[in-house]
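Mapped onto my numbering, the consecutive letters of the sequence shown carry residue numbers 701 to 874. Here a beta-carbon is modelled for each residue, glycine too, at the ideal position from N, C-alpha and C. Quantities reported herein were computed from a predicted structural model and do not represent experimental measurements. Single-structure report; data block below.
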Amino acid sequence: MAFSVARTRDEAHLYLDLNPCEDCGSVETAWESTLAEFGGELAASYAGVCEGCGARREFLFGVPERDTAPITFPSFGGPEPSQLLDAGEWLWVADLTAGDVPADDPAAARRALAIAMAAVEEVVKFIPPGEPEVPEHAFWSERGFLMRATDPGRFELERLLVIRDTYRDLLATR
């Protein structure tokens, strides 16, 4: 059984935040992570009890083949595209985070802009070299399909780079 790889702890935690409890819809869970073997394959297990309804929750992720110790925050992964979040979900995260940059808290503003910039960089990783946009196969979630259907032009490389650079410039001024 192959598990989708969580390239870093930050990516795993973001995935957990985007996947609420199936019983009550809460994302509030105190996660405990361990490495375990499942069917002969090493996996990262994130388990906890939903604070909303008490349901036991568990997610299993594949372990990356190379060391992915975070160098900066956020650190979502290496040069390869995500297996957990599709291109549309990453852009949704960028939109959500950039749309909620606090004006009165410089540290929180820097954190939000860093997440938004990194999320756009994750979208770009889905674009094959020499191609002008994110390919259709880079969308597999309901949220991702909706993001693409709403405005497919947002997944053009040129537009994505402008957005990323705008977040980078805003971050540099904070």
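Practice task
Please report how far the alpha carbon of residue 763 lies from the alpha carbon of residue 705, in whole angstroms.
Solution key: So the alpha carbons of these two residues sit roughly 6 Å apart.
Problem - Option nearest residue 814 by Cα separation, candidates 799, 828, 825, 826 - result: 799
Exercise for the section: Under 8 Å Cβ to Cβ from residue 716, same chain only, skipping five residues before and after it: list those, please. Expected result: Cβ neighbours of residue 716 beyond the five flanking positions: 727, 729, 731, 746, 759.
Problem - Supposed contact pair residue 839 and residue 786 - C-beta distance, whole angstroms, cut 8 Å - result: With a beta-carbon spacing of about 5 Å, residue 786 and residue 839 fall inside the 8 Å limit used to define contacts.
Practice task
Rank 869, 771, 834, 805 by C-alpha distance to the C-alpha of residue 817 and give the top, closest one.
Solution key: 869
Problem - For residue 755, the first and last residue of its enclosing alpha helix (DSSP H) - result: Counting along the chain, residue 755 falls outside any alpha helix (DSSP H), and DSSP gives it neither H nor E.
Practice task
Confirm, please, whether the CB-CB distance from residue 778 to residue 707 is below 8 Å.
Solution key: yes
Practice task
Since I believe residue 820 is in contact with residue 863 (beta carbons under 8 Å), could you give me their beta-carbon distance rounded to a whole number of angstroms?
Solution key: 5 Å
Problem - 6 Å CB neighbourhood of residue 842 in its chain, flanking five on each side removed - result: Excluding sequence neighbours, residue 842 sits near nothing in its chain.
Problem - C-beta atoms of residue 712 and residue 761 nearer than 8 Å - result: yes
Problem - Inter-residue Cα distance where the pair is residue 709 and residue 741 - result: Note on geometry: alpha-carbon atoms of residue 709 and residue 741 lie some 19 Å from one another.
Exercise for the section: Give the C-beta separation of residue 825 and residue 765 to the nearest angstrom, bearing in mind that I take them to be a contact with Cβ-Cβ under 8 Å. Expected result: Not quite, the Cβ-Cβ distance comes to about 17 Å (not below 8 Å), so this is no contact.
Handout entry: Residue interval of the alpha helix (DSSP H) (run including residue 727)
Key = Where residue 727 is concerned, there is no enclosing alpha helix (DSSP H), given that its DSSP letter is neither H nor E.
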